[in-house]
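First up is the structure itself, then whatever we jot down about it.
In our numbering, the protein residues as written are 2 to 179.
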């Protein structure tokens, strides 16, 4: 299982999650883990989420965008209220090792955000390695990478004919929908 795999992976390790702060295992706080949290404009989140709900078969059909917007605003989409989610992590960063980043900043100046992450992790990297990180984490490279785009998953789990997992990778797409 995923939990067993995580338990068998030696430290330090990377764990990616969308969980709200209150659902993180207590061991994360007890072991004083370093956590990187990335917030995003809720208008872009709801658009991205809407397309994800369409293609990810583990979620119910989202209905129309207007219907899904009501679900999202009511905090009834997966992971609950966006506002409670970001507010919970924002509050927790005052007492724990949490680097709180914004998607919009990452898109505007990815080099600067990578440097923030490296500093937070206490790592120094040669400029060539930073360049490789920039390349491999670019939207274009990730869209082509099966480990990032989930295109190898069966259609029964994620139907990429409905919407790709990595759709646009931009800020402000909500303006094309609202």
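Note that the Cβ used here is the ideal one computed from N, Cα and C, for glycine as well. Source: prediction; values computed, not measured.
- In the DSSP assignment, residue 39 falls within the beta strand (DSSP E) that extends over 36-40.
- In the structure shown, the three-state DSSP call for residue 29 is helix.
- Beta bridge pairing from DSSP links residue 159 with 57.
- Excluding residues up to 5 positions away in sequence, 73 and 78 lie with their Cβ nearer than 7 Å to the Cβ of residue 50 in the same chain.
- Spatial neighbours of residue 43 in its own chain (CB-CB distance under 7 Å, excluding positions within 5 residues in sequence) are listed in chain order as 83.
- Taking 8 Å as the cut-off, the beta carbon of residue 60 is found no closer than this to the beta carbon of residue 52.
- Our two residues, residue 152 and residue 144, have alpha carbons roughly 9 Å apart in a direct line.
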